[in-house]
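Asker: Provided herewith is a single structure, encoded as structure tokens, for subsequent inquiry.
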Amino acid sequence: MTVGILGAGQLGRMLALAGYPLGLDFLFLDKEAGTPAAQLAPSLVGSFTDPALLDELARRSSVVTVDWENVPLAALQHIEAHTRIAPPLAALATAQDRLHEKALFKALRIPTNAHAAVDSLAGLHAAIASIGLPGVLKTRRLGYDGKGQAVLRSPADIETAWDALGGQPLLYEQFVPFDYEVSLIGVRRPGGQFASYPLNRNLHRNGVLQLTRAPWKAPLIEAAARRHVKRVMDHFGYVGVLTIEFFVRRGQLIANEMAPRVHNSGHWTIEGAVTSQFENHLRAILDWPLGQTQAKGHSAMINLLGQMPDTASLLAQPGVFLHDYGKQPRPGRKLGHLTVTESTARQRDLRANALLRRIGSPTL
Ligand SMILES: Nc1ncnc2c1ncn2[C@@H]1O[C@H](COP(=O)(O)OP(=O)(O)OP(=O)(O)O)[C@@H](O)[C@H]1O
Ligand SMILES: [Mg+2]
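Note that this note's numbering has the sequence shown beginning at 79, numbered continuously upward.
Spelled out as structure tokens, the structure:
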């Protein structure tokens, strides 16, 4: 049975790596050749809007899913006319636009920060007048790893932020002086069977995820996050894995954004949970029984950004799992990750710090 995947980055690669033991085949479609997934699975190369390529992907796949949530809606609709696609298009469309995402959180009574759509410099001034400073100006579409964002701390920042981002649909939102950040990953089958992974605590640097630690023991926060994720999934009749990122401030959750796909903060589940997020996404979209989501210990996942460190010295460390996505180095680019799993949270934090030091990143 073949699973078709739109986008052939590292998420697609890890989906394929999880699916081969289950006897699955994969077929990717991506704009570029030589992608992380194309290094291990057959891939079609060309535009996401090329009807012939979309037809071929649909014809050869029992079900189609995404490694990238920003595939144009028209392409997703084209696929849906020919074969099964998961997650549902409505969820993907919502996640493609930060304004729609925030509106969904509001409609489902999931707490989120104050925000306003901005389409002009006058609109930005109006948004700041009502929401205040500091705030963050973000592109509504196509942002990732903190790209397409500007933090505004004083009125002097307004012009600079507008010059950098103006001319496209924007969102201005309140800056949240959070205590820390978490994410929760849920998985849902067509009939509504739902499971969630333990809470992740995430550390971002310059808008990019650097470190995830899980399980993060905060039972009340985890229970609330789980309710929020389940509500979003039930709302869409969702199929597959979905993640919500939250800020935590004074013990309260504030939803930042959602990702209708497997998520960087869930990479630790490959070695650190009974069933990985990648395998469970496949099980869900194939309507197979979900695997258990329990953690097997205390894991830390560290992203390798910009350039690969000396891998031999990392592999010399006991219990380090290395994932190299096979990408060309570029400043800030996600090239791979490391996971360690320990028997206590304290031991995990010590290991995380030792690894961060070894790759030349600031420690916890
Ligand atoms: N309103 C905010 N207040 C405080 N910090 C923020 C705010 N918005 C974003 N950040 C910081 O920037 C990080 C990246 O922001 P966001 O999640 O919106 O971006 P993104 O580009 O979609 O990132 P990714 O796709 O990698 O998750 C957040 O995890 C947080 O650390
Ligand atoms: Mg984010």
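Even for Gly, the Cβ is constructed at its ideal location relative to N, Cα and C.
Taking residue 299 and residue 189 to be in contact with their CB atoms under 8 angstroms, please state how far apart those CB atoms are, rounded to whole angstroms.
Answerer: The residue you call residue 299 lines up with position 221 of the sequence shown. The residue you call residue 189 lines up with position 111 of the sequence shown. About 12 angstroms; that fails the 8 angstroms criterion.
Asker: Fully enclosed by the region 182-243, which alpha helix (DSSP H) runs are 4 residues long or longer?
Answerer: List check, alpha helix (DSSP H) in window: 199-209, 235-243.
Asker: Classify residue 275 as buried or exposed, calling it buried when 16 or more other Cβ atoms lie within 10 Å of its own Cβ.
Answerer: Here residue 275 refers to the residue found at position 197 of the sequence shown. Classification for residue 275: buried.
Asker: Exposed or buried, residue 179, counting other C-beta atoms within 10 Å across all chains shown (16 or more means buried)?
Answerer: For this step, residue 179 is matched to residue 101 along the sequence shown. Looking at its Cβ environment, which holds 16 or more other Cβ atoms inside 10 Å, residue 179 is buried.
Asker: When DSSP labels each residue in this structure, what does residue 358 get in the three-state scheme?
Answerer: Numbered from 1 along the sequence shown, position 280 holds the residue referred to as residue 358. If DSSP states are grouped into helix, strand and coil, residue 358 belongs with the helices.
Asker: With the cut-off set at 8 angstroms, would you say residue 264 and residue 307 are in Cβ contact?
Answerer: The residue given as residue 264 occupies position 186 in the sequence shown. The residue given as residue 307 occupies position 229 in the sequence shown. Yes, they are a contact pair.
Asker: Distance check for residue 323 and residue 230, CA to CA, integer angstroms please.
Answerer: Here residue 230 corresponds to residue number 152 of the sequence shown, with the count starting at 1. Here residue 323 corresponds to residue number 245 of the sequence shown, with the count starting at 1. The alpha-carbon atoms of residue 230 and residue 323 are separated by roughly 21 angstroms.
Asker: Assign residue 327 to one of three DSSP states: helix, strand, or coil.
Answerer: Here residue 327 refers to the residue found at position 249 when the sequence shown is read from its first residue. In this structure, residue 327 counts as strand in the three-state DSSP scheme.
Asker: Is there contact between the region 238-254 and the region 206-222, where contact requires at least three CB pairs shorter than 8 angstroms?
Answerer: The region 238-254 is in contact with the region 206-222.
Asker: Given 7 angstroms as the limit, tell me if residue 334 has its C-beta closer than that to any heavy atom belonging to ligand 2.
Answerer: Here residue 334 refers to the residue found at position 256 when the sequence shown is read from its first residue. The answer is yes for residue 334.
Asker: Which of helix, strand or coil does DSSP assign to residue 82?
Answerer: For this step, residue 82 is matched to residue 4 along the sequence shown. DSSP places residue 82 in strand when its eight states are reduced to three.
Asker: Just mark residue 267 as buried or exposed, buried being the case when its beta carbon has 16 or more other beta carbons within 10 Å.
Answerer: In the sequence shown, the residue the question calls residue 267 occupies position 189. Residue 267 comes out buried.
Asker: Just list the residues that DSSP pairs residue 251 with in beta bridges.
Answerer: As a first step, residue 251 must be located in the sequence shown, where it is residue number 173. Beta-bridge pairing links residue 251 to 193, 214.
Asker: How long is the line joining the alpha carbons of residue 295 and residue 357, rounded to whole angstroms?
Answerer: Here residue 295 refers to the residue found at position 217 of the sequence shown. Here residue 357 refers to the residue found at position 279 of the sequence shown. Rounded to the nearest angstrom, the two C-alpha atoms are 24 angstroms apart.
Asker: Under 7 angstroms Cβ to Cβ from residue 302, same chain only, skipping five residues before and after it: list those, please.
Answerer: For this step, residue 302 is matched to residue 224 along the sequence shown. Around residue 302: 331.
Asker: Measuring straight from C-alpha to C-alpha, what distance separates residue 139 and residue 368?
Answerer: Residue mapping note: residue 139 aligns to position 61 of the sequence shown, counting from 1. Residue mapping note: residue 368 aligns to position 290 of the sequence shown, counting from 1. Straight-line Cα distance between these residues: approximately 21 angstroms.
Asker: Ligand 2 heavy atoms versus the CB of residue 420: any closer than 7 angstroms?
Answerer: Counting from 1 along the sequence shown, the entry for residue 420 is found at position 342. Answer for residue 420: no, Cβ out of range of ligand 2.
Asker: Just reading off the alpha helix (DSSP H) that residue 379 is part of, what are its end residues?
Answerer: Position 301 of the sequence shown holds residue 379. Per DSSP, residue 379 belongs to no alpha helix (DSSP H); it is in the beta strand (DSSP E), 376-383.
Asker: Among 118, 192, 144, 436, which has the Cα closest to the Cα of residue 388?
Answerer: For this step, residue 388 is matched to residue 310 along the sequence shown. Nearest C-alpha to residue 388: 436.
Asker: On a CA-only basis, which of 137, 175, 161, 114 is nearest residue 145? Give me that one, please.
Answerer: Locating residue 145 in the sequence shown gives position 67, where the first residue counts as 1. Closest option to residue 145, Cα to Cα, is 114.
Asker: Taking residue 102 and residue 122 to be in contact with their CB atoms under 8 angstroms, please state how far apart those CB atoms are, rounded to whole angstroms.
Answerer: Residue numbering aside, residue 102 sits at position 24 when the sequence shown is read from its first letter. Residue numbering aside, residue 122 sits at position 44 when the sequence shown is read from its first letter. The pair is not a contact, with the Cβ atoms about 17 angstroms apart (cut-off 8 angstroms).
Asker: Is there contact between the region 80-92 and the region 105-119, where contact requires at least three CB pairs shorter than 8 angstroms?
Answerer: With a cut-off of 8 angstroms, the region 105-119 and the region 80-92 count as touching, because enough Cβ pairs lie within range.
Asker: For ligand 2, is there any heavy atom lying closer than 7 angstroms to the beta carbon of residue 251?
Answerer: As a first step, residue 251 is located in the sequence shown; it is residue number 173 there, counting from the start. Checking the Cβ of residue 251 against ligand 2 gives no.
Asker: Between the Cα of residue 338 and those of 124, 160, 165, 396, spot the shortest distance and give me the residue it belongs to.
Answerer: Within the sequence shown, residue 338 is the residue found at index 260, counting from 1. Of the listed residues, the one whose Cα sits closest to residue 338 is 165.
Asker: Which residues in the same chain have their Cβ closer than 7 angstroms to the Cβ of residue 439, if we skip the five residues on either side of it in sequence?
Answerer: As a position in the sequence shown, residue 439 is number 361, starting the count at 1. Contacts found: 288.
Asker: Do you know whose CA, among 208, 149, 378, lies nearest residue 422's CA?
Answerer: Taking the first residue of the sequence shown as 1, we reach residue 422 at position 344. Nearest of 208, 149, 378 to residue 422, Cα basis: 378.
Asker: Please go through the region 255-299 and give each complete beta strand (DSSP E) segment of 3 or more residues, from N-terminal end onward.
Answerer: Runs of the beta strand (DSSP E) inside the region 255-299: 258-266, 272-274, 278-283, 286-292.
Asker: Could you check if residue 441 is buried or exposed, using at least 16 other CB atoms within 10 Å of its CB as the buried criterion?
Answerer: Within the sequence shown, residue 441 is the residue found at index 363, counting from 1. Residue 441 is exposed by the Cβ-count criterion.
Asker: Who are the near neighbours of residue 281 in its chain, counting only those whose CB is closer than 6 angstroms to its CB and skipping five residues on each side?
Answerer: Along the sequence shown, read from residue 1 onward, the residue named residue 281 stands at position 203. Hits under 6 angstroms: 288, 289.
Asker: Given this structure, state the Cα-to-Cα distance separating residue 325 from residue 97, to the nearest angstrom.
Answerer: Stepping through the sequence shown from its first residue, residue 325 is reached at position 247. Stepping through the sequence shown from its first residue, residue 97 is reached at position 19. Approximately 32 angstroms between the Cα atoms of the pair.
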